[in-house]
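Participant:
Residue numbers (the UniProt record's numbering): 1 to 272.
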């Protein structure tokens, strides 16, 4: 979810041409191809600043079940009590993030792990404490600090925020990536998942607008897992991010999210 502060940021900041934000889903983390790392290397050679926001939802569920901690979701949001928050922090910062950093290092890509407490990097607010517990949204990014880091290294960010009282907050990975991209005025946002894009009849929809998305949702064509990604994508689009793509391979076209009237003609579909 992108808040009014994101809209204010859009009015105050100029577009940051060289920033690319990438969200890697928990499922996609284990299936990243050589093409993924080659694309990152090419972008770095071009002088692009790259921020990766990673997920880890499946592992959070797995670890929670191992310690017999109930897993509850409401409206697709993981209800996060204090015990679940501790599991979430442990998985994201102790398992998922080091795994990505190791993979990047193996491909000679300089990277650094970052989180909310890194120089007040990601500040946020709670969504609904009574309903969801320690679940929030990102409202502010320490842009000067992050920008300086991204000059020389790929930033790998966990989807966690800290509120004004110092409480850690669990943030949906897609929402976190969209918020970071929006607040940084990023050039592009890539939502990397385990499918090649938004699918219709097993084929990739190459371009998609908000109205088309609503129609597909009414037809039950868009899966529940894809809906949060699309919601985050359209928030980022509204906030000024120029290019937004849902894909499983950075070098593949995937599904490009467009403003109304920007599509070529109707649905453009390609074979998977």
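The beta carbon of each residue, even a glycine, is placed where N, CA and C say it ideally should be. Bear in mind the structure is a predicted one, so any value in this text is a computation, not a measurement.
Could you give the distance in angstroms between the alpha-carbon of residue 50 and the alpha-carbon of residue 26?
Facilitator: 19 Å
Participant: Look at residue 299 and residue 117 and say whether their C-beta atoms are less than 9 Å apart.
Facilitator: Residue 299 cannot be examined here, being either before or after the span of the chain that is shown, 1 to 272.
Participant: Using the beta-carbon count (16 or more within 10 Å), is residue 46 buried or exposed?
Facilitator: It is exposed - the Cβ of residue 46 has fewer than 16 other Cβ atoms within 10 Å.
Participant: Quick check: the Cα distance between residue 129 and residue 167, rounded to an integer number of angstroms?
Facilitator: 11 Å
Participant: Just confirm the distance between the C-beta atoms of residue 191 and residue 177, as a whole number of angstroms; I'd bet it's less than 8 Å.
Facilitator: 7 Å
Participant: Hey, how far is the Cα of residue 185 from the Cα of residue 260?
Facilitator: Inter-residue distance for residue 185 and residue 260 is about 20 Å (C-alpha atoms, whole angstroms).
Participant: Is the region 193-201 close to the region 76-85, with three or more CB pairs under 8 Å?
Facilitator: no
Participant: Out of 174, 218, 251, state which residue places its alpha-carbon closest to the alpha-carbon of residue 228.
Facilitator: 174
Participant: Nearest CA to the CA of residue 94: which residue from 149, 70, 54?
Facilitator: 54
Participant: What ranges does the alpha helix (DSSP H) occupy inside the region 59-102, keeping only unbroken runs of at least 4 residues that lie completely in it?
Facilitator: 82-91
Participant: Which of the three DSSP states, helix, strand or coil, is assigned to residue 170?
Facilitator: strand
Participant: For residue 205, tell me which candidate among 65, 188, 230 has the shortest Cα-Cα distance.
Facilitator: 230
Participant: When the Cα atoms are used, what is the spatial distance from residue 237 to residue 183?
Facilitator: 12 Å
Participant: Taking residue 35 as part of the alpha helix (DSSP H), name the residues at either end of that continuous run.
Facilitator: 34-45
Participant: Starting from residue 114 and walking both ways along the beta strand (DSSP E), at which residues does that stretch end?
Facilitator: 111-114
Participant: Let's test the definition: count the other Cβ atoms within 10 Å of the Cβ of residue 115 and tell me whether it reaches 16, buried, or not, exposed.
Facilitator: buried
Participant: Can you list the alpha helix (DSSP H) stretches of 4 or more residues lying completely in the region 119-187, in chain order?
Facilitator: 129-132, 143-150, 173-184
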